[in-house]
Structure formats: structure tokens, C-alpha cells
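Chains A, B and C, in that order, give the protein sequences. For reference, each letter of the first sequence is one residue, going 9 to 370 in the numbering used here. For reference, each letter of the second sequence is one residue, going 9 to 370 in the numbering used here. For reference, each letter of the third sequence is one residue, going 9 to 370 in the numbering used here.
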Amino acid sequence: MWPKNCWYVAGFAKDIGATLVARTFLNHHVIMWRTSAGKLVAMEDRCPHRLVPLSTGRVVNDTVECGYHGLRFNAEGRCAFVPGQDTLPKGGVKTFPVVERHAIAWLWFGAADLADEALIPDLHWIDAPGWTTITGYSHFHCDYRLINDNLLDLSHETYIHKHTIGHGSVADSPVISNVIGGRLVRAHREMPDIDPPPFFAALQGHAGKINRWQIAIYMAPGINMTEAAFHGVGTDRASQAFITRPLHLITPETEHTAHYFWGLPRNFRHGDEELSKKIYDGVVHTFNEDRALLELQDKRLQAENMPQIPQMAVKTDIAPVQGRRLLADMIQKEKDDPRFVLPPVPLADDAIITMPYAQAAE
Amino acid sequence: MWPKNCWYVAGFAKDIGATLVARTFLNHHVIMWRTSAGKLVAMEDRCPHRLVPLSTGRVVNDTVECGYHGLRFNAEGRCAFVPGQDTLPKGGVKTFPVVERHAIAWLWFGAADLADEALIPDLHWIDAPGWTTITGYSHFHCDYRLINDNLLDLSHETYIHKHTIGHGSVADSPVISNVIGGRLVRAHREMPDIDPPPFFAALQGHAGKINRWQIAIYMAPGINMTEAAFHGVGTDRASQAFITRPLHLITPETEHTAHYFWGLPRNFRHGDEELSKKIYDGVVHTFNEDRALLELQDKRLQAENMPQIPQMAVKTDIAPVQGRRLLADMIQKEKDDPRFVLPPVPLADDAIITMPYAQAAE
Amino acid sequence: MWPKNCWYVAGFAKDIGATLVARTFLNHHVIMWRTSAGKLVAMEDRCPHRLVPLSTGRVVNDTVECGYHGLRFNAEGRCAFVPGQDTLPKGGVKTFPVVERHAIAWLWFGAADLADEALIPDLHWIDAPGWTTITGYSHFHCDYRLINDNLLDLSHETYIHKHTIGHGSVADSPVISNVIGGRLVRAHREMPDIDPPPFFAALQGHAGKINRWQIAIYMAPGINMTEAAFHGVGTDRASQAFITRPLHLITPETEHTAHYFWGLPRNFRHGDEELSKKIYDGVVHTFNEDRALLELQDKRLQAENMPQIPQMAVKTDIAPVQGRRLLADMIQKEKDDPRFVLPPVPLADDAIITMPYAQAAE
């Protein structure tokens with residue numbers, strides 16, 4: 009259901025400190041913490057003594073102390089202390105490669121020697137100058153692939169989000185979808201010369217027509233970036249657009265649950281906390297709508313023993329089907345060769361993101 | 009566990025309109041709605057595109073619009089609209105035969121060409137002149153057959169409903185039980201010359217003795233009618249009896265859950281809304297008592313892998329055992345011949361309902 | 009997972025009267041009640057008629073009346089009454105040997121003819137002169153063996169109960185652990201000349217140093233007694249110690265749930281109700297801490313398909329490992345010979361309980 013030889017988003021680095029953070033990824037129970045020197049540590053959330061979660065315990069002197077009998081394990085996972093005895097048992101706790109990059113903690117569950125930091129996707133907008141980013145988290149009770157599908161066919165906005173960001177123009181506008189570099193899917197929709205939804209009108213300061221566009225970019229297994237942007241008709245797209253690049257960082261928790269870490273960088277009204285709060289609330293509301301539907305979908309798919317979807321294909325399925333193929337291909341190649349690693353593609357390459365619709369259509 | 013070639017009660021017709029009603033019957037997820045011409049429609053609650061429930065959507069222009077990507081399906085189940093494209097995909101949504109009769113929506117899950125309306129049981133009291141009917145609904149977490157069993161042995165009233173309708177005379181009085189026409193079971197109990205329970209005393213206006221009777225009629229798989237009636241000793245049974253004919257319309261939802269639609273026609277105090285309210289509250293209270301016990305029974309039976317019951321048989325088991333045999337026979341015959349249909353028996357025939365006890369006993 | 013040919017604690021005798029008490033032990037659903045002559049009765053909580061729990065009913069005239077159709081069964085389990093019929097069906101309800109001893113109801117689930125009362129463990133402090141006992145109950149969602157493990161390695165107090173009874177000295181002090189008579193494990197820890205925890209200081213009236221000790225005694229499958237005691241340094245251990253002998257009476261309910269009946273006899277401040285209340289609250293708080301951890305442990309062990317523990321052994325595992333071996337041995341012997349019974353060892357023998365540490369260490 010998922011490849012192992014790739015970096016997964018495990019959380020926002022700022023949320024991991026001297027207190028244990030326990031999360032499950034790809035069915036692995038993991039604790040994350042930070043040494044006094046600031047180094048991130050990720051290890052199995054399982055005391056090798058009596059198999060209780062180490063997250064019952066706490067960080068003491070750069071070790072994790074189990075909450076049951078007080079055994080301690082250091083950042084390398086080795087047993088470092090046992091109460092009441094001087095000799096220490098061999099063995100310890102499995103650790104996982106973990107790297108902090110772009111304000112994110114990245115975890116690797118495949119062969120540890122393949123965990124090359126160069127394979128980490130570039131999500132630099134999340135902490136880059138020129139961008140103001142808000143972040144959040146949601147937990148979905150569904151197969152993580154359903155979230156990718158959802159993000160690669162934004163025509164759903166017209167229906168699921170009809171009372172907020174949805175608009176008839178989204179479902180009605182044709183999409184150009186490309187596979188790039190054997191790892192990215194890029195689905196591009198332009199909605200020129202339309203009436204702005206109320207929120208967009210407020211942003212530009214008047215209700216004049218806008219040119220709106222959406223570019224959904226997917227990197228298997230679970231990195232999604234959706235450029236959602238517009239500029240007033242008659243203004244300059246390159247310099248006057250209101251651009252957001254929502255990041256949807258999906259990491260499987262189990263076969264039917266997923267972590268949904270998200271960031272929303274914007275290129276306008278930096279420092280406007282009230283706007284940030286308003287966007288945050290809107291994102292939470294929107295993702296809750298997605299979640300309710302995807303969880304229903306997952307239940308039904310499980311009841312039918314996980315058939316392939318779509319069963320009745322329509323045009324807007326092209327991008328999600330391309331995405332599923334890339335993912336299935338990664339999984340199959342890793343199955344054939346456990347040391348297979350798919351080199352990354354520069355997700356953050358402006359040439360890819362900003363490629364004109366006409367060029368994408370060629 | 010259930011036959012398919014027969015009409016099942018899917019709800020009260022008045023509850024189905026332009027808004028989707030989603031219910032599950034015999035493990036089929038179904039939506040029901042009504043066209044602008046007033047025609048009832050029943051179809052699978054499953055969008056063939058990405059398998060989400062169509063009940064996430066709404067009725068638009070005599071079609072159902074899916075709540076995910078807006079595909080629409082007409083009353084025949086065919087795809088009638090896809091946002092953003094002109095050509096329509098083939099295929100569509102499975103529909104089910106549905107008929108409105110006696111204020112009830114009847115559904116058919118077997119071979120569609122066998123869905124003859126003449127096979128619908130006659131429940132005309134529910135909307136007939138001379139009868140005032142209240143209706144309601146309950147959901148039971150148990151095998152629907154346990155509800156039939158319960159209704160065919162009313163001696164349970166003395167124990168489950170001891171604080172309301174129960175009375176020692178119910179369990180103590182002998183029952184005559186007959187199989188009629190290979191499809192009905194009729195269990196008849198007379199309780200002559202007894203003190204009236206308080207509610208009955210109030211109905212007849214004094215506490216004088218009454219002749220009470222119960223006639224439980226069952227038509228497999230799930231139609232139950234229980235004539236519960238009495239008249240004052242010395243008054244005329246034919247013209248002065250207080251008669252109710254509660255209908256217990258049981259439709260399996262899954263193997264271990266059931267719909268319990270009910271109607272309670274009475275032949276007295278028409279237009280007395282206060283009495284109707286009182287009866288409604290009493291029925292809800294009584295069925296809640298049944299439900300609590302039957303759900304416990306179902307759990308225990310499941311834990312024992314669904315053994316046959318009764319294991320220790322007593323006299324009052326005759327009717328429920330007859331009922332189980334009729335049902336098992338229907339299921340077996342349909343298994344042997346998928347086109348087997350059991351012709352109906354006129355449940356509502358007054359000659360059957362009002363057959364004297366002495367005649368039934370012959 | 010458990011032996012059958014031994015007496016299990018089914019509850020406190022005082023809690024069983026003319027009202028049915030329904031509990032599950034070793035996957036058997038049981039009801040317990042008392043005849044008008046005061047005799048305890050235990051029988052299957054299952055009406056042989058339609059398999060509903062008899063606990064839906066009530067005790068009537070020294071019989072149990074089922075809550076569904078009113079069948080009655082006497083103290084020997086035989087059907088004694090059926091409403092509306094004179095002849096009684098054969099068969100009835102399975103009964104279990106049950107004995108009242110030391111304020112406790114003891115149940116036997118093995119071969120009934122082996123249920124010798126001489127096999128009941130001696131827990132006389134619970135109602136003996138010289139001891140004041142409070143009792144209570146807790147329900148744990150875990151394999152009962154995890155509770156035994158927990159009680160045989162009290163070093164956990166330092167970690168699980170760090171805010172109450174825990175103290176670094178517990179985990180730091182060495183334990184002498186012995187197997188006695190092939191059925192008992194006795195783990196002894198002395199903590200001489202330590203500062204008293206606040207509660208102990210209050211008991212002795214000043215904060216002077218104390219000699220503290222813990223003696224955990226386990227009799228398979230689920231009887232645990234933990235002598236937890238201290239005396240002021242310079243006072244006489246034999247005559248001036250504050251001794252408690254908490255009894256942890258663990259009976260499996262299912263493979264992954266357990267009954268935890270407990271008693272706490274003390275040899276001091278008899279009649280001090282305020283102290284009893286304080287101790288009661290403390291025990292409940294402490295066991296809740298244990299429960300939270302053991303339930304987490306059980307979930308993880310189930311997820312790993314119940315591997316052996318400990319996987320990384322430390323010194324304090326000696327006693328719990330000895331206990332597991334005794335228990336596994338009992339189960340294996342009974343598997344080899346269904347009539348195998350392990351003779352009891354006098355748990356309450358003062359020579360065993362008060363054996364000096366030095367002697368135990370030999």
C-alpha cells in the first residue's frame with residue numbers, strides 16, 4: 009500500500025522538543041524527541057523489556073525512560089540504564105533516520121543506509137522569505153490514497169465545498185494534466201474572467217472580474233502542493249497575483265488512517281494576523297468537509313474489499329489516475345527490488361509550477 | 009437468512025419526498041426519493057464513479073447528484089450529467105422495483121422481472137376507513153427473526169412488559185396455533201372474564217371484567233399483525249369490542265440489525281389525538297423493552313455461533329417454530345430455484361383474523 | 009491461558025444476596041444468588057429455552073425466573089416451572105460449585121467432582137481478628153497474567169506511581185525471590201533506614217527514618233498478597249511495625265479482561281474510618297495508574313500476537329518469570345491430564361510471610 013524507501017513527513021519540527029511525541033506511521037509506532045543538543049531522535053515506541061509504549065515515559069538526560077520499570081535508552085536506541093543493576097542488557101530500541109528540513113521532521117522507514125537527505129522533497133516556501141505560512145494538522149480515517157485522489161481532482165470543490173470555496177467554474181473548466189519526470193503529476197485549470205467568490209473580492213478590494221487558476225502538483229507517495237491563485241482582470245499576473253501554495257503532506261498512519269499535515273504559504277498581506285486566523289479557520293472547515301466524505305468513501309471501499317477506483321471514469325479522473333499509477337509503480341518497483349529508490353523531482357521548481365497553461369497543454 | 013423474491017417494507021410513503029432517504033435493507037445500501045411527478049424511485053446508494061454514497065448528494069431536476077464530483081443519475085439509474093464534459097459514460101446505478109401501497113413503500117431485491125405487485129401483502133387497515141392509525145419506527149440490533157419469534161409468543165408480555173401491558177393471564181392462557189395456506193401462522197389466545205389492566209379499564213370507562221384476546225398473525229419473512237382486543241363481559245364482541253391491529257413490519261437491514269416499522273390501527277375513539285399520543289408513547293416504551301432483551305439474546309446467539317432455538321421447547325414455542333419453518337422453507341426453495349416465488353395469502357381476510365377460537369382449535 | 013481445576017475468587021460474599029449478580033469468569037457467563045436459607049448458588053447465565061441471559065430475570069421462591077418467558081430454574085439448575093403448562097421439560101441450567109470462605113465467594117470451573125474445599129487458599133486476614141480490612145473492585149481490560157507480572161515486580165512503583173507510593177528506593181533495592189512448594193512465588197525487598205514517604209511519616213507520627221519492606225507472594229493462577237510494611241528505625245519490627253497485607257485477587261473474565269477484587273487488611277488504627285477512607289481512595293488511584301499502563305501493554309501484545317515477555321530481561325524479572333512458569337506448568341499439567349489438581353500451599357503461613365530476608369536469601 010505504500011513505498012518504504014522515501015522520506016515521509018512526520019510533523020512540524022517546532023512541535024518536537026524535550027517532551028515525547030508519539031505517532032504511528034506506516035503501522036510503526038514511533039516516538040520523537042530532541043536531545044539537549046537539539047538533535048531530533050525517532051525510535052520505536054516500544055520498550056524491548058515488556059513491550060509497553062515508551063511514550064508512557066519521559067526524556068531524562070538525553071535518554072528515554074520507560075514509564076513502567078524505568079529502563080532508559082539513548083538516542084542510538086541502546087539501553088543506557090536499568091534501575092537496581094549495574095550491568096546493562098544488550099539490545100535496545102530500533103531507531104529511524106530522521107531529518108529536519110523546511111520546518112518539517114522527515115522520517116525514513118526503508119533500508120536505513122538508503123536514507124539520503126538529497127531525496128527530501130523541496131518544500132522551501134513553507135519557511136522561505138516572501139511567503140507567510142500558517143500550518144495545521146488533521147487526522148483522516150481513510151486510506152491516504154483517497155486524499156491524494158481528492159487533491160488531484162479539484163472539481164470536487166464545486167460539490168463538497170459548495171458553501172465556501174466551491175464555484176461552478178471549477179467543475180466546468182477543463183484540466184491539463186501532465187506527468188513530469190516520472191514522479192510528479194501536474195493538473196492545471198484556468199478560470200479566466202470570472203466573478204470572484206466573496207473572499208477573493210475582499211482580498212482584491214473590489215468585486216471586479218478575476219482570472220483564477222489552480223495547479224495541483226503531486227509527488228508520490230503523499231506530497232501535494234496546490235497553487236490556488238488569482239489576479240484582477242487587467243492587472244499583471246506575474247507581479248500582482250494573490251498566490252497561495254497550500255501544501256498537503258499526507259503520511260499513512262495505517263492502511264485506513266492518515267496524517268494530514270498542512271501548510272499554507274501566501275505571497276500577500278504578510279503580518280496580517282487576522283487574515284491568517286481567517287484562512288486557518290477556513291482550511292479547517294474545508295478539510296473537515298473533505299474528511300467526512302472520504303471517510304464514508306473508505307468505509308464503502310473496505311466493505312467492497314477495496315476495488316479499483318474510478319469504476320466509471322470521467323475526464324477529471326486523468327490526474328488522479330496518473331497519480332495512482334506513479335504510486336503503484338513505485339510500490340511495485342520496490343517490491344521487485346527492496347533497494348529501489350525513486351530519485352526526487354524538483355517539486356519547487358518555479359518552471360514547473362508556473363508553466364503556462366498553453367505550454368502544459370502541448 | 010432471508011428470501012429475496014418478496015416485497016419488503018422500506019418505509020412509510022409519506023416520509024419519502026424530494027429529499028434523499030438512505031436506508032440499508034438486506035445488506036443493500038439504498039436511496040429512495042420521489043420525482044417531480046411524484047413517482048417513487050429506489051436505487052443503490054453508491055456512485056459508480058468513486059463508490060461514495062449518493063446520499064452525500066441531493067435531488068436536482070429529477071436526477072440524483074453525487075455529493076463528491078456532481079455526476080447525476082436519472083430515475084432509471086442512467087448517468088445524465090457529468091460536469092465539464094459533454095459525452096456521458098455508459099452504465100449507471102442499479103435501481104430496485106419500488107411500489108407505494110397502503111401508505112407504505114415496498115421494495116423488491118430479487119429478480120426484477122418477478123416483482124409482481126399482486127404479491128404485495130394486504131395491509132389495508134393502515135389507511136382504511138373505520139380505522140385510526142398511528143405509525144412509528146424503531147431500529148433493533150438483532151437478527152430480524154428474533155423479532156418475529158417474539159411476536160409469535162406473546163407470553164413474554166407477562167415478563168418483559170410486566171409493568172405495562174403484561175398480565176399473568178397472558179402467559180397462563182393456552183394458545184391455538186395454525187399454519188394457514190402454507191404462508192401464515194396464526195396464534196390465538198383468549199383470556200375470558202379477567203380483570204382489566206388499568207389502561208383497558210380506562211378505555212371502557214369502568215373496571216368491570218373483560219374478555220380479552222390476542223391473535224398473532226405472521227407472514228414470512230417479516231409481516232406481523234397482532235390483533236389485541238377486548239370487550240366488556242356482557243357486551244357484544246362483534247360490535248362493542250375495542251380492537252387494535254398493531255402491524256409490525258420487520259425488514260432485515262443486515263444479518264444482525266433490523267428495521268421495525270410499525271402501525272397501530274384502532275377501531276375506536278377516532279380523532280382523539282390525546283389518546284393517539286398516549287398509545288404512541290406506550291408502544292415506544294414497550295418496543296424499547298423488547299429491543300433491550302432481543303439485543304442481548306442476539307449477542308449471546310452470535311457468541312454461540314447462531315445455534316437453533318428453542319433448545320428447551322415449551323408449549324408456547326409452537327407458533328414461533330411454525331413461523332421459522334415457513335421462513336426456512338421459503339429460503340430453501342429459493343435456494344433450490346432462484347425464480348421461486350411464494351404466492352401471498354390474504355393476511356387481511358376477516359375470515360382469518362376473526363376466526364373463532366373454537367374453530368381455530370379444531 | 010488458565011487452569012480450570014482450582015478455586016477462583018468470584019466476589020465478596022456480602023455482595024451476593026437475593027438479587028442476581030451476573031459476572032463472566034473464564035468466558036463463562038455466570039449468575040450468583042442466595043437461597044432463602046442463605047446458600048450461595050452459581051449457575052450459567054443462560055436460559056436453555058431461547059438462550060437469553062437469566063440475569064434479565066429475578067429470584068422468585070428459591071428459583072431464578074427468566075426475564076423473557078418466565079421459565080424458572082431451581083438451585084440445582086433444574087426447570088421448576090413453565091407458565092401455562094403442567095409438565096416440565098427435562099434438562100436445565102449448568103451449575104458451578106461455589107463456596108463461601110473468608111468473606112469471599114469461590115467458584116470452580118473444572119470437573120465438579122474435584123472441587124474439594126480443602127483446595128481453597130487461606131486468606132483469613134480478610135476477616136480475622138487483629139486485622140481491619142477494606143475491600144474494593146476494579147475491572148482491567150488486559151490479560152490477567154499482566155496483573156500478576158505487575159504485582160511480582162514492585163519496582164514499577166517508582167515509575168507508575170511516582171507521585172504517590174513510588175520511591176527511588178523501591179526500584180534500587182535488590183529482591184530475593186523464591187519458589188515455595190511448587191506453587192508460591194515469594195519476592196522480598198528490604199529498604200532499611202530510608203526517609204519515609206509522607207503518608208508513612210504521618211502514620212508513625214514523625215518523619216524519622218524507617219525500615220520498610222515489601223513481600224510479594226503469588227499463588228497461581230491469580231492470588232496475590234503483598235505485605236507492605238515498615239517500622240521506625242529503633243523500634244521493634246515484631247511488635248511495632250505498621251503492616252498491611254493487600255490481597256489482589258485476580259480472576260480472568262476473558263482472555264483480555266480481568267476481575268480485580270482486592271482487600272487491604274492492616275494491623276493498626278482499627279476503627280479509624282477516616283484512615284480507611286483515605287486508604288481506599290489511595291488504592292483506587294494507584295490501581296487506576298496500573299490499569300492504564302497494563303491496558304496499553306495488552307493492546308500492544310495483542311497487536312504482536314502475544315509474544316513471550318520479557319524480551320529483554322532484567323534482574324527484577326526473576327519473580328514474575330517464576331510466577332509465569334508455575335502458571336504455565338499448571339496449565340500444561342492439566343492439559344496432559346484433565347483431572348490434574350495442584351495441591352495448595354499455605355499462603356497464610358506466618359513462617360512463609362515473615363521469613364527474614366537473610367533466610368530467604370540463602
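Cβ coordinates follow ideal geometry from the N, Cα and C atoms, glycine included. These numbers were taken from a predicted model, which means no experiment stands behind them.
Check: Pull the bridge partners of A257 (chain C) from the DSSP assignment, please.; Outcome: Note that residue 257 (chain C) corresponds to Leu in the displayed sequence, not to Ala. Answer by DSSP bridge pairing, in chain order: C:I231, C:F269.
Check: Within the 8 Å Cβ cut-off, does T64 (chain A) reach chain C?; Outcome: yes
Check: Since I believe Q212 (chain A) is in contact with G240 (chain A) (beta carbons under 8 Å), could you give me their beta-carbon distance rounded to a whole number of angstroms?; Outcome: 5 Å
Check: Can you tell me which of C:R194, C:R299, C:P137, C:R308 puts its alpha carbon nearest to the alpha carbon of R54 (chain A)?; Outcome: C:R308
Check: Who pairs with G144 (chain C) in a beta bridge, going by DSSP?; Outcome: C:W270
Check: Does any residue of chain A have a CB that is nearer than 8 Å to the CB of L79 (chain B)?; Outcome: yes
Check: Is the CB of L59 (chain A) under 8 Å away from at least one CB in chain C?; Outcome: yes
Check: How many Å lie between F238 (chain A) and N219 (chain A) at the Cα?; Outcome: 5 Å
Check: Under a Cβ-count criterion, where at least 16 other Cβ atoms within 10 Å of its own Cβ denotes burial, should R42 (chain C) be classed as buried or exposed?; Outcome: buried
Check: Could you tell me which residues DSSP puts in a beta bridge with P192 (chain B)?; Outcome: It is worth fixing the name first, because residue 192 (chain B) is Leu in this sequence and not Pro. Beta-bridge pairing links L192 (chain B) to B:I188, B:M227.
Check: Considering N296 (chain B), what are the terminal residues of the alpha helix (DSSP H) in which it resides?; Outcome: 281-311
Check: Which stretch, first to last residue, makes up the alpha helix (DSSP H) that contains V60 (chain B)?; Outcome: Taken as a continuous stretch (DSSP letters only), V60 (chain B) belongs to no alpha helix (DSSP H), as it is neither H nor E.
Check: Counting only beta-carbon separations shorter than 8 Å, does V90 (chain B) have a partner in chain A?; Outcome: yes
Check: Counting C-beta neighbours from all protein chains within 10 Å, is the total for M320 (chain B) 16 or more, i.e. buried, or is it exposed?; Outcome: buried
Check: C74 (chain B) bridges to which residues according to DSSP?; Outcome: Answer is none; C74 (chain B) lacks a bridge partner.
Check: Within 10 angstroms of its Cβ, does D161 (chain B) collect 16 or more other Cβ (buried), or is it exposed?; Outcome: buried
Check: Given this structure, state the Cα-to-Cα distance separating K217 (chain B) from F208 (chain B), to the nearest angstrom.; Outcome: 10 Å
Check: Identify the residues that DSSP records as bridge partners of V17 (chain C): which are they?; Outcome: C:W114
Check: Would you say T324 (chain C) reaches chain A, if we count a Cβ-Cβ gap shorter than 8 Å as a contact?; Outcome: yes
Check: Is the region 113-130 of chain C touching the region 334-353 of chain B, taking contact as three or more C-beta pairs under 8 Å?; Outcome: no
Check: Residues of chain B with CB under 7 Å from Y76 (chain C), in chain order?; Outcome: H164, Y167, I168, L301
Check: Under 8 Å between beta-carbons, which chain C residues line up against E312 (chain B)? List them in chain order, please.; Outcome: L59
Check: Taking 7 Å as the limit between beta carbons, can you name the residues of its chain near V17 (chain B), skipping five residues before and five after?; Outcome: I112, W114, L257, T259, F269
Check: Can you round the beta-carbon distance between V106 (chain A) and V49 (chain A) to whole angstroms, since I take them to be within the 8 Å contact cut?; Outcome: 7 Å
Check: Are the beta-carbon atoms of F20 (chain B) and T140 (chain B) separated by less than 8 Å?; Outcome: no
Check: Mark K299 (chain B) as exposed unless 16 or more other C-beta atoms lie within 10 angstroms of its C-beta, in which case mark it buried.; Outcome: The sequence shown places Arg at residue 299 (chain B), not Lys. R299 (chain B) should be labelled buried.
Check: To which residues does DSSP link N82 (chain C) through a beta bridge?; Outcome: C:T71
Check: Could you please tell me which residues of the region 141-165 of chain A, in chain order, have their CB closer than 8 Å to any CB of chain B?; Outcome: D157, D161, S163, H164
Check: Taking the beta carbon of A311 (chain A) as the centre, do at least 16 other beta carbons fall within 10 Å, making it buried, or is it exposed?; Outcome: exposed
Check: Would you check if the region 327-343 of chain A and the region 186-194 of chain A touch, i.e. whether three or more CB-CB distances between them fall below 8 Å?; Outcome: yes
Check: Tell me L48 (chain A)'s beta-bridge partners as DSSP assigns them.; Outcome: A:R42
Check: For R31 (chain C), which residues does DSSP report across the bridge?; Outcome: C:V38
Check: Less than 8 Å separating the beta-carbons of K47 (chain B) and A83 (chain B)?; Outcome: yes
Check: Against chain C, does P260 (chain A) count as a neighbour if the rule is that its beta carbon must be under 8 Å from one of theirs?; Outcome: no
Check: Are the Cβ atoms of T294 (chain A) and I173 (chain A) separated by less than 8 Å?; Outcome: yes
Check: Which residue's Cα is closest to the Cα of S181 (chain C): C:K170, C:E198, C:G78, C:P346?; Outcome: C:E198
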